[in-house]
Amino acid sequence: MQKVFAFFRSLIQVTAFWQENRVFLREFKYFWDIAVLAVIFSFLGAVFEGAALVVINSFLQVLTNPETTAVNLGFDWLKLWIFSPESSTNDRIARLGFLVILLAWMRSLFAYLGPVYAKLTDASFADRMRKSMFEQLVSLSLSYYSQARSGDLVNCLNNEIATIQRGFGAVSNFAIRGSTLIVYIVAMFLISWQLSLAALVLFGMLSIFISSFVVRVREASFPVSQAGGDFTSAGIELISAMRTIQTSATQNFERIRFYRVSERVKQALFRLNKAVDLIRPLAEAISTTILICVIVTAFHVFVVSGKLQTASLLTFMFILFRMMPLVEQVNGLRVEIGSYGGSLAKLREVLTTEDKVYLQDGELEFTHLKKSIDFLNVGFSYNSTDKPVLHNINLSIKRGHTTALVGSSGAGKTTLADLVPRLYDPTSGTILIDGVDLKDIKISSLRSRMAIVSQNTFIFNASVRYNIAYGVEHIDEETLIDAARQANALDFILDMPQGFDTVLGDRGVRLSGGQCQRIAIARALLRKPDILILDEATSALDSVTERLIQESLDRLSKGCTVIAIAHRLSTIANADKVVVLERGRIVEQGTYQELIDSKGALWKYHQMQNSSSNLESSEH
Ligand SMILES: Nc1ncnc2c1ncn2[C@@H]1O[C@H](COP(=O)(O)OP(=O)(O)OP(=O)(O)O)[C@@H](O)[C@H]1O
Ligand SMILES: [Mg+2]
């Protein structure tokens, strides 16, 4: 009784499953036509298969009993054509044979088209999943990436989507086999409803029995996804941290860690496979038992008493034998589909929109800054659980001026600057740009007028040309070379083996820190920005290059509104306004000279840097 309840519960769970999986199901709108064709072809395949079975039954009847006309072919005109009174036995056999061959070829045609379209559906589904992952990843607020593990995301993109594609394949297979099974069942009922009923009840019980295993398999699938994510994370970290690992001689330590996660994948898979692989042999043994019981009973009860012709029993057996692997496959597929639960859950976690923060795009186009950017009581924290990083910031950044942000490491300078291109939104207060709330401005129009030369510029694994011109369309060679020259990057670029076509390697491993920065400056120069954010743009350069870069930055800044962050005060002495940040608060702001004169926080930095540079020069 409990088993029966469990069966019904699992039926309801199926609908809950559909509820739960709307992030996947909504993708169908992109390829429903292919999916419909797959279903139609598969169903036609099953119908022709069933029709062939019925005709084979008549074929056997005519062979065993040439005088028979009591054959049910479903259509009267068909029966008339084959069993017309003037036709000879040979004619009948030839016609039936022809019909069997025709039906077999038709079945084969659709048995080809069905899977081809089913696989195209799977592939379209995986394609849509990858694309919706992309859409999700680019529309999420950056704060998501402070929490998410890139290993998990890469694992989702690679393994989980591939797994789900397989799972989806299993679902369509399930549908194909299921519909064939239904046709078989109909054919069986046409031959003998009593026998069919008996077989059906027995196979139904087998199916209920298998349901309890499906739950177990599903549960075993979650640790597999978890371990897969951990393993991808470990792999990515291993490769990106190789330099640190080599220099700190921690190979052994890393080996233990890596081996442990690899081992966990193995064990999780072993547990899952143990659960999955138990089912098939068990189901096979049980169905063989059922089959033999049905045949023996049928022979004793129906054939001996003359209720059933031997030919019909033969056909019935033929159907049962063909049906057996189908029943096993359908049961196997149910188990297999259960085993994709872990991957589905992982992907659902990434794709659900309810629990995530998105940047809300505004409507107004931004062309250029007319007056100022104003921070009004702005507060910010990276996560709702974290402590605020910025408190009550009130600041006006005037058009065409250079505003310098100064403060100790971790004071919140980068964070403050990141609010201007809306990489993050303030958690409290507002930022106005020419009196308009920043949130009302179209993000793309805002960002296309800005350039950021930041502490960690990302260099793409592509040519120098691609890296400099990144995101700017239609660049002629002259402008490109000019930007490189102005950024003092031309000499080292031309020294590289293929000049502007040299490929820079993952994250620009083929560049020095200072060279990366000069590429970044060239990239900024090309964008002809209206607002420029310099986050310690000169920190990685020697003092000679630094001076040259400073000059080119001054050129770049001309006519721009600049927000400059620098640790070395010498680079910001000419700023129109200096803002000193401490622990996320503005402690003072004014011109450089004013702040030095008032002997506050900036003066302290000034003293510190002077004494250390005095120390350096006295050492020389
Ligand atoms: N993505 C992030 N998620 C969570 N916290 C962050 C994130 N980025 C920075 N923080 C925290 O915010 C604070 C301010 O960081 P921020 O990068 O703005 O400092 P900064 O003034 O630019 O320092 P530095 O001079 O070293 O570059 C730090 O305490 C840091 O731990
Ligand atoms: Mg910083």
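Sequential numbering from 26 applies to the sequence shown in our numbering.
For each residue, glycine too, the CB sits at the ideal point set by N, CA and C.
query, result
"DSSP beta-bridge partners of Arg-447", "Per DSSP, none; premise fails for Arg-447."
"Beta carbon of Ile-546 nearer than 9 Å to that of Ile-484", "no"
"Any non-hydrogen atom of ligand 1 within 8 Å of Ile-407 CB", "According to the sequence provided, residue 407 is Tyr. The question's Ile does not apply to it. Yes, the beta carbon of Tyr-407 sits closer than 8 Å to at least one heavy atom of ligand 1."
"Neighbour-count burial assignment, Ile-281, 16 or more Cβ in a 10 Å radius", "exposed"
"C-alpha distance - Asn-82 paired with Asn-356, whole-angstrom precision", "28 Å"
"Between the CA atoms of Ile-270 and Leu-519 - distance to the nearest angstrom", "33 Å"
"CA-to-CA distance, Val-79 to Gly-192, given in whole angstroms", "33 Å"
"Span separating the alpha-carbon of Pro-306 from that of Glu-74", "27 Å"
"The region 454-467 / the region 384-394 touching (three or more Cβ pairs under 8 Å)", "yes"
"Residue from Gln-334, Asp-177, Ile-118 with nearest C-alpha to Ile-261", "Asp-177"
"Leu-550 versus Glu-561: straight-line alpha-carbon distance, rounded", "16 Å"
"For Met-342, the first and last residue of its enclosing alpha helix (DSSP H)", "335-363"
"The region 166-184 in contact with the region 244-262 per 3-pair CB rule at 8 Å", "yes"
"Neighbour-count burial assignment, Val-301, 16 or more Cβ in a 10 Å radius", "buried"
"Alpha helix (DSSP H) runs contained entirely in the region 108-169, provided each spans 4 or more residues", "114-164"
"Environment of Ala-119 [buried if 16+ CB atoms lie within 10 Å]", "exposed"
"Inter-residue spacing [alpha-carbon to alpha-carbon] between Glu-502 and Leu-420", "40 Å"
"Lining residues of ligand 1 - beta-carbon closer than 5 Å to any non-hydrogen atom, in sequence order", "Ser-171, Tyr-407, Val-414, Ser-434, Gly-435, Ala-436, Gly-437, Lys-438, Thr-439, Thr-440"
"9 Å Cβ cutoff met for Ile-590 and Ile-558", "yes"
"Straight-line gap, Glu-279 to Leu-263 (C-alpha atoms, nearest Å)", "8 Å"
"Inter-residue spacing [alpha-carbon to alpha-carbon] between Val-211 and Leu-297", "36 Å"
"In DSSP terms, what Ala-245 is bridged to", "Per DSSP, none; premise fails for Ala-245."
"Any non-hydrogen atom of ligand 2 within 8 Å of Ile-65 CB", "no"
"Other residues of its chain near Val-375: CB distance less than 6 Å, five sequence neighbours each side excluded", "Cys-181"
"Beta-bridge partners of Ala-589, as assigned by DSSP", "Ala-429, Leu-559"
"Per-residue burial, Met-633 [other beta carbons within 10 Å of its own, 16 or more giving buried]", "exposed"
"The region 335-346 in contact with the region 164-174 per 3-pair CB rule at 8 Å", "no"
"Member of Phe-341, Val-326, Arg-289, Asn-198 whose CA lies at the smallest distance from the CA of Leu-215", "Phe-341"
"Neighbourhood of Val-489 by C-beta, 6 Å cutoff - its chain only, sequence neighbours within 5 removed", "Ile-518, Phe-525, Thr-527"
"Whole-Å CB distance - Asn-198 paired with Leu-358, under 8 Å assumed", "6 Å"
"Inter-residue Cα distance where the pair is Leu-88 and Gly-122", "11 Å"
"Glu-607, enclosing alpha helix (DSSP H) - first and last residue", "It is not in any alpha helix (DSSP H) - Glu-607 instead sits in the beta strand (DSSP E) that spans 602-607."
"Ile-315, enclosing alpha helix (DSSP H) - first and last residue", "276-323"
"Which residues DSSP lists as bridging Thr-596, in chain order", "Thr-596 pairs with nothing; no bridge assigned."
"Closer than 8 Å: Glu-607 CB and nearest ligand 2 heavy atom", "no"
"Sub-9 Å separation of Cys-606 and Leu-441 beta-carbons", "In the sequence as displayed, the identity of residue 606 is Leu instead of Cys. Result yes, Cβ atoms of Leu-606 and Leu-441 sit closer than 9 Å."
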